[in-house]
Each structure stands twice: as structure tokens, then as C-alpha cells.
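**Q** Those sequence lines, one after another, are chains A and B. If you read the first sequence in full-length UniProt numbering, its first letter stands for residue 1, the second for the next number, and so on. If you read the second sequence in full-length UniProt numbering, its first letter stands for residue 1, the second for the next number, and so on.
There are 2 protein chains.
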Amino acid sequence: MVLVNENYLKLQKNYLFSDIARKTRDFIAANPKAPIIKLGIGDTTLPLPPTVIKAFHDAVDEMADATTFRGYGPEQGYAFLRELIVEHEYRTRGVSIQIDEIFISDGSKCDTGNILDIFGRNTIAISDPSYPVYVDTNVMAGNAGDPTNHGQYSNIVYLPCNESNLFKPEIPAFHVDLIYLCSPNNPTGTALNYGEMKSWVDYALRENAIILFDAAYERFITEDQIPHSIYEIPEAQKVAIEFRSFSKTAGFTGTRCAFTVVPKDLLGFDSNQKNFSIHALWNRRHCTKFNGVSYPVQKAIAAIYSQKGSEEILRNIQYYQHNAQIIRDGLNKAGLEFYGGINSPYIWVKSPQDKSSWELFDLFLHQMHIIGTPGSGFGPNGEGYFRLTAFGSQKDTQCAIERIQNYDFNA
Amino acid sequence: MVLVNENYLKLQKNYLFSDIARKTRDFIAANPKAPIIKLGIGDTTLPLPPTVIKAFHDAVDEMADATTFRGYGPEQGYAFLRELIVEHEYRTRGVSIQIDEIFISDGSKCDTGNILDIFGRNTIAISDPSYPVYVDTNVMAGNAGDPTNHGQYSNIVYLPCNESNLFKPEIPAFHVDLIYLCSPNNPTGTALNYGEMKSWVDYALRENAIILFDAAYERFITEDQIPHSIYEIPEAQKVAIEFRSFSKTAGFTGTRCAFTVVPKDLLGFDSNQKNFSIHALWNRRHCTKFNGVSYPVQKAIAAIYSQKGSEEILRNIQYYQHNAQIIRDGLNKAGLEFYGGINSPYIWVKSPQDKSSWELFDLFLHQMHIIGTPGSGFGPNGEGYFRLTAFGSQKDTQCAIERIQNYDFNA
């Protein structure tokens, strides 16, 4: 008789996106001509830029010729890409990362989930609301304890992010081991400034904790005081792992590439308090359970570090940033309260008249034919909020905003 | 203080490929003109065929256009690919698999490792010798117990594969929960026939066990009595997960694609003997920790199911099969004993004169300038064997074989 991982049985069914899909489907069935605009999911819509496409094609052609064909590559990624990352993402910001501290992968979703493989039973702190993968993977790993009756888990230390703290997680007054930080944040769209991030690094140094820093939306930062990497904070390499997705940076949501930085200074401990290199453990995990990212994909993403490639992806980011500005302006005119959208593609809208997230979802869908994401899907502290994203087309975004402005929320 | 996964600390350092690389490097440094031929690693060398390349390019072009751009796809893979797999890998063999029982991934290495996520503490049976990932991932998961002083682990049930059983694992006389079977086998090159596979399925049905069936080398099968899928055995869908890599099938070692079949009939149990769908657990794992395979890669591999594509990959397989035949003929002429090479790209050479695997490695490198893989690297029962592969060029393979034939092993 095969025993299943009983931690999985504690997972709460995540109906967020399936419920959105079902409600949308039902509405369209009843209203087949309704001009639905989707501003819900955080998925890019602009095509890959020409320089990336050219590099992608060139690499595919290499695979067509025996003299340039590539079989198994290094599990950790090709040196050509890791070197470009070290140079352009770090050295230019005054941060010194070694090439072999960079691990190329097929996505930060995988890495943020898989990283728990190398850790034992620890106290985990996670912002609420947050990207659901953080909680779910801790449930799977047995770190979460039991579900509570308000949609949380007994052993997770939740860091509430709400209006009173401007959606910035507060440093706990007690010890935790692993801390998930996502800045700029999904779903709230807010970002930690240098001082706030330094407080977290200081806490981790003091407490021998490790920060799992998810910087998936780094390219959307516009303000100077927001660090692009946690390693801009001194000594952060002793206490932080950084996850960097190319999904939003370069429109790679469907092409799949990311990297994770695991500094060699990071230490974990066994139960006898003997220390071990986290880098060595992750390297072993990566080489044992992963076989590298597709060569043409690595060549394609490397092209964003060329002069032309970087200009092209910047233009795409600016297009989305302009959408965010359109949404912000429109919500202001509509008299709705919101957060985010400055250093982030996400706008976190506060429900008017104390409506619940799902009530606002229904209102937007039925009255304005706009699909957003109910904030409660990201955790109990997301209740009463609604996430809009800047990843639509400019035309759709403009049109959606006009509908919002024309709707009388006080009716 | 962050606790590491202490199971990782029980991993034995795997020096196999790094030792091979170091010895090779040292030899080349001392003998820069030695005409080294590599018949060691199981990596393909023929380029991707034209039909695959064309589909790859076409999909990259789709990513260049906003109207055809693909962002996040289904985590489980696109329906177009899953339907082709169901049709061409199963329906044509009389096996009925549902589309949503197919999970597309970036590699069987990942899947055979990650599958343990959904299982609890079970008794694990693994062939010896075997692909090292099976053992290592069980060590990481805490299933293996402690290292023994002869290179094994205390809690793993090893199924010795040696000359006396023609390298076919024997069914244990007691209960085990999870059984790794790889046929055609890496590293021994042997394959289970219908009756042998049926015995395993019968055992699993009887014992409520689950077989983890790795069919990475399926395309190399030439003999009629060797099943291409474990699901050719009646009722196997109640007891088997099948891993199917495209690495050797289509030269995707560097392009990365595979699929895993998790039938809905498969059941696991909690500690109260309540049953749970393994399919549902894996689906949850796959959707939580994985974000789908790169769209162009999925389009590229789908092309192997076209008429032209299937002919092209068949020609590549035949090229490698011809190499295997060259090696077999040559070893016969050289008077060396060996196994495999008929339904497999691997030839498992028995060391003459009771040489150890590493002694034979050194002999081949120093005397014949041929690199193979020491069998002992795959487990203690691999000691005294040496793995050659058919993935080299025909010219190199021919040349290597001439050197072997000209070498006097009795000298």
C-alpha cells in the first residue's frame, strides 16, 4: 500500500482562477455579445521583441546542424547567460555576484517551490496577501501545520499587509527562519524602499534567518529609492536568496526562463548546529532534479542584454507602465481608492462601500464587463481588494477605464 | 537558525562524471595529440531533423506577433501535443490513455525526481545498477536510510541486475511500495519482455504497489516481444506511472521536453488507509511548482508526430542503432563479452580479466583513447562493467571499434 504525502491532504482547494474562469464562462454564455476585457491575470501580451526573436531563430538553426547542435548543457545554465546576468543585473548596480552563484531555470514558480527541498522544518513567515505558491508549497513540505477556519495555516507566521502599514510587511518581534518577501509586490503593487529592505536584512542577520526574495517585477521599478536587488543592501548575500523571473522582464511567460541567485555566503544548519553551504545543497538539488533550460531559450533571453535588446524590452515595459498610468488616472477620476501601479504592473483597488472582493468581481464583470482578480484569492488580508493589471493592450485598458469612470459606484 | 534538509547530508558525493572529466582532462594535458573518442555519456549528437526545426521556427515566429503570441500555457501542456501523444504513443498500440492523464514537462529527470513529492514514507525498490537519480532523490526525500559501507543505503531494497539474471530485476519475495523499472535499461542496455513486465504488474496489483516505469529508451526497441509502454500490460494503469523522455526519441537532450503518464486509476493511501487519487495529487504538484514547457519547444516536439517528422526521427534512431550494431560486431570480434545494444543505445561490456570498472576505464582511455563510463558509477552491481553508447558519429564509432579490435586484451 503506497502512502501519499499526507501534507498534500491539507491543501485547501485553490479555486481562484478556476472560479474566475467559470464565472466568466457563465456570463459569456448568458451574454455572448458582451465586450469582455481581461485585466485579471498577470500575463504579458506584447510579442517577444525582434532582437530576442532573431537570437531564438539563430539558436534553433544551431540545433539543425551537427557541428553546432547542443545536447545536454550545464544544469545551472550556460556561462554566456550567467556572465551577462552577473554583469548587467548586478555589477552595474555595484553588486558583486559570482557566476556560479547564478542558477538558470525554467521559472521562478519552480524555484520558489523547489527551494524548500533543501530546507528542514523551519518557521516560515509569509506576507498576507501573497502569491499563493509560497503558502501551498509550504503546506506540501509539511511546514504549514493545519488549516485554520479563516483560510490560513496554524504554523505559518503571516505578515499582514493592509492599509494601516501601506501593504508593507512588518518585522516580527520574534524569531522566524525563512521569510518570503516579494518586492515590487504581487498582488498589492507596492514596493519596499532601501530602508525597509535594510531592516529586513538586519533582522535576518540578527536572527540567522534567510530571506527568499522574489523580484519578479523588478523591471517595473520607477522610483530611485526602491532597490532592484536585495543585494544592494550590504551583507544581504549572507542572508538572502533572490528569485528573478524573465516572465515579466521580457515577456517570457510562455517561453520560460528565470534565474535564482544563491550566494556562497549563505549558511544553513543541521540539528547539531553544524553549518552547511546552502549553495552546495541547492547545486546538488539542481543537478539531481533538473537538466538545464532549453538552449534556444537561453540564447533568446541572452539577447535582452544587447544594446538593441535592452532597448526593445524597455519599450515593452514602458508600454505596460503607460497602461498602469492610464488605470491610475482613471481610478482617481472615478474616485476609487487604490495602491500600486507606480513600481509595478499591479493596481490594488479598494472595494468601495465595503463590498467583498468577489462582490466587486461580479460588479465589474456584470456591469462593466471587466475581469479582475479578487484580492481574497491571495489570502484573508486581500479581502475587500481587487487586482487590476497593466498587461492588457492600451486600447483595452483605455476602454476598461472609460467604463469604470462611467459607472456610478454610489448608485 | 535555518535548518537544512538533513537527508541531503546523507548523499554520497557523486564523482562519476566529474572523475571521468578530470581523468580525461589530465590525459589530454599529458597527451595533447591523442585522438580521443567519446563513447561515454548518453547524449545525442545528430541535429534536430528539418520538420522539427521548421515547426520550432514557426512557433518562434508566432511569439513575434501579438495576435499569435503565447503567454502562460496550461501547466500540463498544450492539448495539441497531449492529443498527439495519446494517439501516436498509445492508441496505435491499443492502449487507451486519456488526454488529461498526460503531463508535459521539461524532462524525465525532473519528473522521476519530483514524483516523490506526492508520496509519503514508503519502501522503495531500485535496480542496481541504475540511473543515479532514482537513489539520490530518495535519499533527499528521506526514504533511503543511512549509507552503508558498500555504497548503498540501508532502507532501499536493491534489485541486483547481473549476469546470473541477465540483468533483469527479480521480483522480491516480500512487499515493497514503489518500484523503479527502466526498460530498455540504462545502463545495462537490456529490456524486459512482455512476460517479465506482466510479472511486475501482477506483483504490483497483488501488493498494492506502484511501478515508476522509465521508458526513456523506448524508441530503440527492435524486438517484437518488448513492450513499448507498460500500459500494454492489462491493468497496468492501476499500478504504473510511465516516464517518457523525448531526449533520446528526438534528440531533445538540449531542447528539453518529456511527458509523464499518471493514470486516473492509480490510488495511494493515507495512514488511515483512506485512498486518494495519485493523478489529482500530481496535478496539484505540477500546477503549483511548474509553469508549463516553452511553447516553441512543445510545437517543435509535436512535429515528430507528422508523417515526415516521424520518418526523420526514425532515420536518426536507425543511425544510432547502426552504431550499436557496429559496436556489437566489433566487441564480438574482439572477444569481449557484453550485453545490450539490441533494444538500446547502450552496450554493457564485461571487464576482461576481472578488471574493475575504473581499471577498464583507464585502459580504454590510455591504450585506445576511448572514453566510456565505468559501470560501478551506477551502483555496486555495476562493478566490473563498462558502458559504451551508440550516440557517437558513425565514423568515430567505427574508428573506436577498430582500436578495440586491434588491442590485445590478453597482453
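Backbone N, C-alpha and C fix where the C-beta goes; we use that ideal spot for every residue, glycine too.
In this structure, does DSSP put residue 49 of chain B in helix, strand or coil?
**A** If DSSP states are grouped into helix, strand and coil, residue 49 of chain B belongs with coil.
**Q** Around the C-beta of residue 281 of chain A, are 16 or more other C-beta atoms found within 10 angstroms, so that it is buried, or is it exposed?
**A** When all chains shown are included, residue 281 of chain A counts as buried.
**Q** Residues of chain B with a CB under 8 angstroms from the CB of residue 254 of chain A: which are they?
**A** Residues of chain B passing the Cβ test: 63, 69, 70, 71, 72, 73, 292, 294 and 295.
**Q** Taking 8 angstroms as the limit between beta carbons, can you name the residues of its chain near residue 111 of chain B, skipping five residues before and five after?
**A** Same-chain partners within the cutoff: 103, 105, 243, 258 and 260.
**Q** Which residues of chain B have a Cβ atom closer than 7 angstroms to the Cβ of residue 44 of chain A, listed in chain order?
**A** Residues of chain B passing the Cβ test: 71.
**Q** Let me check understanding here. Comparing Cα to Cα, which of A:408, A:297 and A:263 lies closest to residue 336 of chain A?
**A** Nearest C-alpha to residue 336 of chain A: A:408.
**Q** Is the CB of residue 6 of chain B under 7 angstroms away from at least one CB in chain A?
**A** Closer than 7 angstroms to some Cβ of chain A, the Cβ of residue 6 of chain B qualifies, so yes.
**Q** Check each residue of the region 123-143 of chain A: if its Cβ is closer than 7 angstroms to any Cβ of chain B, include it; give the result in chain order.
**A** Within the region 123-143 of chain A, the qualifying residues are 133, 136, 137 and 140.
**Q** Please tell me whether residue 51 of chain B and residue 303 of chain B are closer than 7 angstroms, where the distance is taken between their beta carbons.
**A** It is a contact, given that the beta carbons lie within the stated cut-off.
**Q** Beta-carbon within less than 6 angstroms of residue 16 of chain A's beta-carbon, same chain only, minus the 5 sequence neighbours each way: which residues are those?
**A** Contacts found: 377.
**Q** Report whether the distance from the Cβ of residue 301 of chain A to the nearest heavy atom of the ligand ADP is below 6 angstroms.
**A** In the structure shown, the ligand ADP is absent, as is every other ligand, since no ligand is present at all.
**Q** Are three or more beta carbon pairs between the region 200-218 of chain A and the region 174-189 of chain A nearer than 8 angstroms?
**A** A contact exists between the region 200-218 of chain A and the region 174-189 of chain A.
**Q** Are the C-beta atoms of residue 118 of chain A and some chain B residue less than 7 angstroms apart?
**A** For residue 118 of chain A, the answer is yes, since a Cβ of chain B falls inside 7 angstroms of its Cβ.
**Q** For chain B, is any of its Cβ atoms less than 7 angstroms away from the one on residue 148 of chain A?
**A** No - not a single Cβ of chain B is within 7 angstroms of the one on residue 148 of chain A.
**Q** What's the C-alpha gap between residue 328 of chain A and residue 185 of chain A?
**A** In a straight line, the C-alpha of residue 328 of chain A is about 17 angstroms away from that of residue 185 of chain A.
**Q** Could you give the distance in angstroms between the alpha-carbon of residue 72 of chain B and the alpha-carbon of residue 131 of chain A?
**A** Near 16 angstroms, if we compare the C-alpha coordinates of residue 131 of chain A and residue 72 of chain B.
**Q** Quick one, which of A:353, A:284, A:338 and A:358 has its alpha-carbon nearest residue 75 of chain A's?
**A** For residue 75 of chain A, the nearest C-alpha among the options comes from A:284.
**Q** If we ignore side chains and look at the alpha-carbon of each, how far apart do residue 349 of chain B and residue 205 of chain A end up?
**A** If I take the Cα positions, the gap works out to 55 angstroms.
**Q** What's the C-alpha gap between residue 288 of chain A and residue 398 of chain A?
**A** Rounded to the nearest angstrom, the two C-alpha atoms are 48 angstroms apart.
**Q** Return the CA-CA distance between residue 216 of chain B and residue 245 of chain B, expressed in angstroms with no decimal places.
**A** Near 5 angstroms, if we compare the C-alpha coordinates of residue 245 of chain B and residue 216 of chain B.
**Q** Looking only at its own chain, which residues have a Cβ that is under 7 angstroms from the Cβ of residue 382 of chain B, when we skip the five neighbours before and after it?
**A** Result list for residue 382 of chain B: 129, 187, 357, 375 and 376, in chain order.
**Q** Could you spell out the range, first to last residue, of the beta strand (DSSP E) harbouring residue 127 of chain A?
**A** First-last of the beta strand (DSSP E) with residue 127 of chain A: 124-128.
**Q** Please report the distance separating the alpha-carbon of residue 192 of chain A from that of residue 346 of chain A.
**A** Approximately 15 angstroms, taken between the alpha carbons.
**Q** Does the contact criterion of 3 or more C-beta pairs under 8 angstroms hold for the region 294-301 of chain B versus the region 24-39 of chain B?
**A** Segments in contact, no.
**Q** Using the three-state DSSP reduction, which class does residue 244 of chain A fall into: helix, strand or coil?
**A** In this structure, residue 244 of chain A counts as strand in the three-state DSSP scheme.
**Q** Can you name the residues of chain B whose CB is closer than 8 angstroms to the CB of residue 121 of chain A?
**A** What residue 121 of chain A touches in chain B: 3.
**Q** Roughly how many angstroms lie between the CA atoms of residue 122 of chain B and residue 268 of chain B, to the nearest whole one?
**A** Cα to Cα, residue 122 of chain B sits roughly 11 angstroms from residue 268 of chain B.
**Q** Could you please give the first and the last residue of the uninterrupted beta strand (DSSP E) stretch that includes residue 159 of chain B?
**A** First-last of the beta strand (DSSP E) with residue 159 of chain B: 156-160.
**Q** For the region 55-66 of chain A and the region 310-320 of chain A, state whether three or more C-beta atom pairs, one from each stretch, are separated by less than 8 angstroms.
**A** Touching, no, given that fewer than three Cβ pairs across the two stretches are closer than 8 angstroms.
**Q** DSSP state of residue 370 of chain B, grouped into three classes?
**A** The answer is strand: DSSP assigns residue 370 of chain B an E or B state.
**Q** Residue 177 of chain B CB to nearest chain A CB: under 7 angstroms?
**A** It does; some Cβ of chain A falls within 7 angstroms.
**Q** Can you check whether the CB of residue 343 of chain B is closer than 7 angstroms to the CB of residue 223 of chain B?
**A** Yes, these two residues count as a Cβ contact at 7 angstroms.
**Q** Just to make sure I have the definition right: I need the residues of chain A whose C-beta is within less than 9 angstroms of the C-beta of residue 345 of chain B. Which are they?
**A** Here the premise fails: no neighbours, minimum Cβ distance about 13 angstroms.
**Q** Excluding sequence positions up to five away, which residues of its chain have a Cβ less than 6 angstroms from the Cβ of residue 142 of chain B?
**A** Cβ within range, chain order: 7.
**Q** Less than 7 angstroms between CB atoms is the rule here; does residue 77 of chain A satisfy it with respect to chain B?
**A** It does not: the Cβ of residue 77 of chain A has no partner Cβ on chain B nearer than 7 angstroms.
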